[in-house]
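A.B. asks: Have a look at this one before I ask anything.
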Amino acid sequence: MTSMTLLLESRIGPDVWHQIFNFADYGQLLSLVHNSLVAGAVLGLVGGLVSSFVMMRDLPFAVHGVSELSFAGASGALLLGANVVAGSLTGSILAALVIGALGSRARDRNSIIGVLMPFGLGLGVLFLSLYQGRSANKFGLLTGQIVAIDSPQLHWLIATAAVVVAGLLVIWRPLVFASTDPELAAARGVPVGLLSPVFMLLLGLAVAISIQVIGALLVLSVICTPAAAAMRVTASPRKVPLLSMAFGLVAVLGGILLALGSSVPISPYVTTISFAIYAICRLIGAWRSRHGWARRDPAPRADSGPAPLIGSGQAC
Amino acid sequence: MSDIVTPPALQLRDAALGYGGHRLWSGLTLDVQPGEFLAVLGANGSGKTSLLRAILGLQPLSAGSLSVAGRPARRGSRAIGYVQQQRRLDPSTPLRARDVVRQGLDGHRWGVARPGRVAWRRVDAALEQVGAAAYADMPVGLLSGGEQQRVRIAQALVADPVLLLCDEPLLSLDLSSQRTITGLVDRRRREHRTAVVFVTHEINPVLPYVDRVLYLAGGAFRVGTVEEVLSSATLSELYGSPIEVIHTGGRILVAGVPESARDAHHVDHDEGIVP
């Protein structure tokens with residue numbers, strides 16, 4: 520046991536811990552990353568909001584697919600010396616449109632994403648290897664960056680976030696209806712076929728914001744995990760997005776603040792906090808389902824026969 | 010509210026429906042009055058679901074006219090409540106039973122729901138009517154199949170429809186849930202004079218309540234009382250081959266439906282109810 524500890528200490532050493540957690544000159548650093556903090560707060564809130572629909576519509580894989588094309592767009596912009604945010608927006612929107620247009624059914628969608636994703640990642644790698652500038656910029660697009668956000672970029676991010684939030688607020692109720700019971704929603708006059716690509720577009724915009732802060736590879740920790748955690752502890756359609764936004768905010772801001780003094784990118788902090796929140800919510804959810812949700816115990820379930828899965832064919 | 014001024018809940022005039030060259034049915038003229046219970050029977054592919062889609066305004070008729078509560082059928086009509094067959098919801102669906110019912114009231118509207126007590130009071134009343142008040146705050150995905158179906162009925166009724174459309178609502182429910190659901194539907198039409206169009210492959214669970222039957226088969230149809238339509242003579246004529254219909258102990262058994270029409274046709278031959 521002691522030899523293990525010794526071994527660990529000699530391997531890792533105090534330097535490594537110092538690299539991961541270092542709060543010297545914290546006040547000065549804080550003023551330097553003002554832009555990043557604002558961007559992080561915006562991302563946390565928007566990511567949390569969007570992720571509740573991502574979970575409802577079963578789209579985590581689409582998020583990942585869009586983020587790789589967004590990465591290709593951003594690295595292309597970096598290579599050409601164009602606005603990186605505009606580049607990632609272009610990539611996201613293209614990906615969202617392709618997935619929205621070709622993949623209305625889950626099976627089609629997943630195969631299209633599976634095809635698009637390595638293509639996007641490959642393009643991105645190509646652009647980055649051609650790029651002659653700072654290598655920190657390259658790495659940042661994949662795994663997140665902290666001080667790379669200048670004021671024009673921040674304005675782009677905030678404007679994009681505002682579009683996403685406004686768009687979601689407008690389509691909120693029909694989107695919930697179409698996400699939870701598409702057939703019935705269509706029968707009640709909800710334009711289900713229109714809502715799907717519109718949401719993909721908003722999702723693409725949210726992904727483009729995330730790339731700037733957390734990096735293409737880790738987008739899911741902001742646009743999936745928060746709502747997945749929230750849905751473990753509540754089924755209220757009002758509380759899920761609110762909790763999810765709170766979780767997103769805590770994860771991104773907490774991650775940035777912890778990463779500040781270190782030489783490690785912010786993403787490991789964000790993903791770890793996000794994961795920890797999920798793990799805690801899962802435990803709470805497990806406890807609740809054992810001790811009963813709401814007023815009634817869900818134990819007697821004997822009166823249900825074998826039910827066909829959602830999406831099974833209709834009579835004619 | 011006198012019957013003279015109330016238009017039929019559903020009115021079809023010489024209606025026809027088909028895809029491309031294939032004709033499902035034609036020449037269908039039918040009035041469903043407020044409070045009437047119409048069962049729609051027939052094999053898969055005979056056009057039962059297409060009839061529902063036409064009433065819902067999701068599919069145009071190829072000929073004739075169709076009106077709901079005196080107005081031409083249109084998509085998203087508030088006059089219609091719609092209950093689908095029971096399908097298991099994902100357990101993590103972030104909706105409580107009351108939220109599902111609320112969708113029947115304003116789930117189709119743009120924007121975010123404004124907090125309002127009036128709407129929730131109507132939701133509570135609808136849940137109360139179907140005996141689902143006890144689990145109003147439960148996540149809907151954790152409810153049993155029968156409970157989910159009660160919640161769906163509350164959702165269909167919360168907006169006070171003139172016409173209640175039911176598309177195989179008993180499928181994959183056990184016997185006691187089937188009885189509960191049909192009882193709820195029957196009570197609604199008695200107390201509120203809501204007309205009921207009930208698509209089912211199985212007549213027996215609704216037999217005590219049915220006023221008339223619409224039987225679709227092979228491009229033709231018959232409308233009438235249970236005795237008129239579900240008889241050996243009528244069905245044999247409709248299918249063009251001998252069919253035996255036995256009325257016994259308050260149940261109806263149909264034997265001899267041709268294979269082609271029966272491949273997915275669930276009218277059981279010796280035992281009426283799918284266990």
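Just so you know, the sequences run in chain order S and V.
Quick note on the numbering used here: the first sequence kicks off at 520 and runs consecutively.
Quick note on the numbering used here: the second sequence kicks off at 10 and runs consecutively.
For each residue, glycine too, the CB sits at the ideal point set by N, CA and C.
Bear in mind the structure is a predicted one, so any value in this text is a computation, not a measurement.
At least one CB of chain S closer than 9 angstroms to the CB of Trp119/V: is that the case?
C.D. replies: Yes, contact with chain S.
A.B. asks: Using DSSP with H/G/I as helix, E/B as strand and the rest coil, what is Ser74/V?
C.D. replies: Three-state DSSP puts Ser74/V in a strand.
A.B. asks: Are the beta-carbon atoms belonging to Ile89/V and Leu21/V less than 9 angstroms from one another?
C.D. replies: No, they are not a contact pair.
A.B. asks: At the 9 angstroms Cβ level, is Met750/S part of the contact set with chain V, yes or no?
C.D. replies: Yes, contact with chain V.
A.B. asks: According to DSSP, what are the bridge partners of Asp232/V?
C.D. replies: It is Val, not Asp, that sits at residue 232/V in the sequence shown. The partner list for Val232/V (beta bridge, DSSP) reads Leu223/V.
A.B. asks: Tell me Thr257/V's beta-bridge partners as DSSP assigns them.
C.D. replies: Answer by DSSP bridge pairing, in chain order: Arg260/V.
A.B. asks: Counting along the chain, where does the beta strand (DSSP E) carrying Tyr91/V start and finish?
C.D. replies: Here the beta strand (DSSP E) through Tyr91/V covers 89-92.
A.B. asks: Residues of the region 701-716 of chain S with a CB closer than 9 angstroms to any CB of chain V: list them in chain order, please.
C.D. replies: Hits within the stretch, in order: Glu702, Leu703, Ala704, Ala705, Ala706, Arg707, Gly708, Val709.
A.B. asks: Would you list the residues sitting across from Tyr28/V in a DSSP beta bridge?
C.D. replies: Paired residue(s): His31/V.
A.B. asks: Going by C-alpha to C-alpha distance, which of Leu762/S, His674/S, Thr790/S, Met764/S sits closest to Ile775/S?
C.D. replies: Cα-wise, what sits closest to Ile775/S is Thr790/S.
A.B. asks: Could one say the Cβ of Ala601/S lies closer than 9 angstroms to chain V's Cβ atoms, at least one of them?
C.D. replies: With 9 angstroms as the cut-off, Ala601/S does not count as an interface residue toward chain V.
A.B. asks: Could you name the residues of chain S that Ala122/V contacts, counting a contact when the two beta carbons are closer than 7 angstroms?
C.D. replies: Those within 7 angstroms of Ala122/V in chain S are Arg692.
A.B. asks: Comparing C-alpha positions only, which one of Leu223/V, Gly51/V, Gln68/V, Val160/V sits nearest to Gln95/V?
C.D. replies: Closest by alpha carbon: Val160/V.
A.B. asks: Is Leu285/V close to chain S, meaning its C-beta is less than 9 angstroms from at least one C-beta of that chain?
C.D. replies: Residue 285/V is absent from the structure shown; chain V starts at 10 and stops at 284.
A.B. asks: Give the straight-line distance between the Cα atoms of Gly29/V and Leu47/V, rounded to the nearest whole angstrom.
C.D. replies: Each residue's alpha carbon lies about 29 angstroms from the other.
A.B. asks: DSSP three-state label for Phe540/S, please.
C.D. replies: Here Phe540/S sits in coil by DSSP.
A.B. asks: What residues in its chain sit with their C-beta under 6 angstroms from that of Ala581/S, if we drop five residues either side in the sequence?
C.D. replies: If we look at Ala581/S and ignore the five residues flanking it on each side, its Cβ neighbours are Ile618, Ile632.
A.B. asks: Counting only beta-carbon atoms, is Gln68/V nearer than 9 angstroms to chain S?
C.D. replies: No, Gln68/V lies away from the interface with chain S (no Cβ there is under 9 angstroms from its Cβ).
A.B. asks: Can you give the Cα-Cα distance for Gly36/V and Ala625/S, rounded to whole angstroms?
C.D. replies: Straight-line Cα distance between these residues: approximately 39 angstroms.
A.B. asks: Since Gly154/V contacts Ser101/V with CB under 8 angstroms, what's their CB separation in whole angstroms?
C.D. replies: No, Gly154/V and Ser101/V are not in contact; Cβ-Cβ is about 17 angstroms, not under 8 angstroms.
A.B. asks: Ignoring anything shorter than 4 residues, give me the alpha helix (DSSP H) runs that lie fully in the region 648-683 of chain S, in order along the chain.
C.D. replies: Within the region 648-683 of chain S, the complete alpha helix (DSSP H) runs of at least 4 residues are 654-662.
A.B. asks: Might you give, ordered along the chain, the residues of its own chain that have their beta carbon closer than 6 angstroms to the beta carbon of Pro825/S, omitting 5 neighbours on each side?
C.D. replies: Residue placement at Pro825/S cannot be trusted, given a pLDDT of 39 that sits under 50; what the coordinates show is reported in the next sentence. Counting only Cβ-Cβ distances below 6 angstroms, and skipping sequence neighbours, we find nothing.
A.B. asks: Would you list, in chain order, the members of the region 752-771 of chain S that have their beta-carbon closer than 7 angstroms to a beta-carbon of chain V?
C.D. replies: If the cut-off is 7 angstroms between Cβ atoms, the region 752-771 of chain S has Ala754, Ser755, Pro756, Val759 near chain V.
A.B. asks: Of the residues Leu70/V, Arg97/V, Arg131/V, Phe207/V, which one's Cα is nearest the Cα of Leu182/V?
C.D. replies: Nearest of Leu70/V, Arg97/V, Arg131/V, Phe207/V to Leu182/V, Cα basis: Arg97/V.
A.B. asks: What is the rounded straight-line gap between the Cα of Thr191/V and the Cα of Gly73/V?
C.D. replies: Straight-line Cα distance between these residues: approximately 31 angstroms.
A.B. asks: If you count every other CB in all the chains shown that lies within 10 Å of the CB of Gln138/V, and 16 or more means buried, which is it?
C.D. replies: Answer is buried; the Cβ neighbour count reaches 16.
A.B. asks: Mind listing the chain S neighbours of Arg105/V? Cutoff is C-beta to C-beta under 7 angstroms, in chain order.
C.D. replies: Within 7 angstroms Cβ-Cβ: Ala754, Ser755.
A.B. asks: Is Ser571/S close to chain V? Criterion is C-beta to C-beta, closer than 9 angstroms.
C.D. replies: Chain V contact via Cβ: present.
A.B. asks: Report yes if the C-beta distance between Leu588/S and Leu649/S is below 9 angstroms; otherwise report no.
C.D. replies: Contact flag unset, no.
A.B. asks: If we define contact as Cβ-Cβ less than 9 angstroms, is Pro148/V a contact residue for chain S?
C.D. replies: Yes, because at least one Cβ of chain S sits closer than 9 angstroms to the Cβ of Pro148/V.
A.B. asks: In this structure, does DSSP put Asp176/V in helix, strand or coil?
C.D. replies: Strand.
A.B. asks: Quick one: residues in its chain with C-beta nearer than 7 angstroms to the C-beta of Gly566/S, no 5 flanking neighbours on either side, listed in chain order?
C.D. replies: Same-chain partners within the cutoff: Ala725, Ser729, Val741, Ile742, Pro745, Gly767.
A.B. asks: Report the rounded CA-to-CA distance for Arg199/V versus Pro43/V, giving the unit in angstroms.
C.D. replies: Each residue's Cα considered, the two are about 10 angstroms apart.
A.B. asks: Cβ closer than 9 angstroms: which chain S residues qualify as neighbours of Arg84/V?
C.D. replies: Simply Ala705, Ala706, Arg707, Gly708.
A.B. asks: Pick out the complete alpha helix (DSSP H) segments inside the region 730-759 of chain S, 4 residues or longer, and give them in chain order.
C.D. replies: You should have 744-752.
A.B. asks: Does His537/S come within less than 9 angstroms of chain V when only Cβ atoms are used?
C.D. replies: No, His537/S lies away from the interface with chain V (no Cβ there is under 9 angstroms from its Cβ).
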